[in-house]
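Enquirer: In the working numbering, the protein residues as written are -15 to 86. For glycine and all other residues, C-beta sits at the position ideal for the given N, C-alpha and C. Small disclaimer: the values here were computed from a predicted structure and weren't measured.
#1: Apart from the five residues on each side of it in sequence, which residues of its chain come closer than 7 Å, Cβ to Cβ, to residue 10?
#2: Taking residue 75 as the reference, give the member of 8, 18 and 24 with the closest Cα.
#3: Alpha carbon to alpha carbon, what distance is there between residue 79 and residue 0?
#4: Only counting the same chain, and skipping five residues up and downstream in sequence, which positions put a Cβ closer than 6 Å to that of residue 33?
#5: Please name the residue or residues paired with residue 18 in a DSSP beta bridge.
#6: Using a threshold of 7 Å, is the CB atom of residue 18 nearer than that to any non-hydrogen atom of the ligand SAH?
#7: Which term fits residue 73, buried or exposed, when burial requires 16 or more other beta carbons within 10 angstroms of its beta carbon?
#8: List in chain order: all unbroken alpha helix (DSSP H) runs of 4+ residues lying wholly within the region 27 to 78.
Written out as structure tokens, the structure is:
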């Protein structure tokens, strides 16, 4: 049961590309609880999308394999940094990358 009369003055905060806000998290026993946890911020996701778009427009003549080689270090670094806490929010942004390359 969630107490709705708790103070809701702090809804989210931003730091180092993460958004810290309330989320329902499952613990080791499988029960859900309310937690203040980090996930990818909207601006960090937009930054990755902008970088991918920039690579695509700069290298229009290159084959898909060469394009993948150019994007790979950017995507791997971004995902390694942002997948430490909540992977689902990082994966949603990576679906954009998959649709862009295909």
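Expert: The structure says:
#1: 16
#2: 24
#3: 22 Å
#4: 80
#5: 8
#6: Because no ligand of any kind appears in the structure shown, any question about the ligand SAH cannot be addressed here.
#7: buried
#8: 48 to 66
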